[in-house]
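A short worksheet on the structure shown next.
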Amino acid sequence: MNVFLILIMTAENDIELLGVICEDQDFIAHARQDIPKSIEEIKLLRWQF
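Residues in the sequence shown are numbered from 1 upward in steps of one, following full-length UniProt numbering.
Below, the structure is given as structure tokens:
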């Protein structure tokens, strides 16, 4: 499966993503908050085992 992503910076300083589906856009939009939270949760769970 070939996946491509085109990132365009608009004149209004918005970011436009081409070649992605809505779920990809949602993941990218939330990643900055979700990934650090997930890493912290993994660290906590590792101490429980």
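We put the beta carbon where it would ideally sit given N, CA and C, even for glycine.
Delimiting residues of the alpha helix (DSSP H) encompassing residue i
| i | result |
| --- | --- |
| residue 40 | 22-48 |
Straight-line Cα distance separating residue j from residue i
| i | j | result |
| --- | --- | --- |
| residue 27 | residue 36 | 13 angstroms |
| residue 38 | residue 22 | 21 angstroms |
| residue 5 | residue 24 | 10 angstroms |
| residue 44 | residue 29 | 25 angstroms |
| residue 19 | residue 34 | 23 angstroms |
Same chain, Cβ closer than 8 angstroms to residue i, neighbours up to 5 away in sequence not counted
| i | result |
| --- | --- |
| residue 11 | none |
| residue 13 | none |
Run of the beta strand (DSSP E) containing residue i, from where it starts to where it stops
| i | result |
| --- | --- |
| residue 16 | 15-18 |
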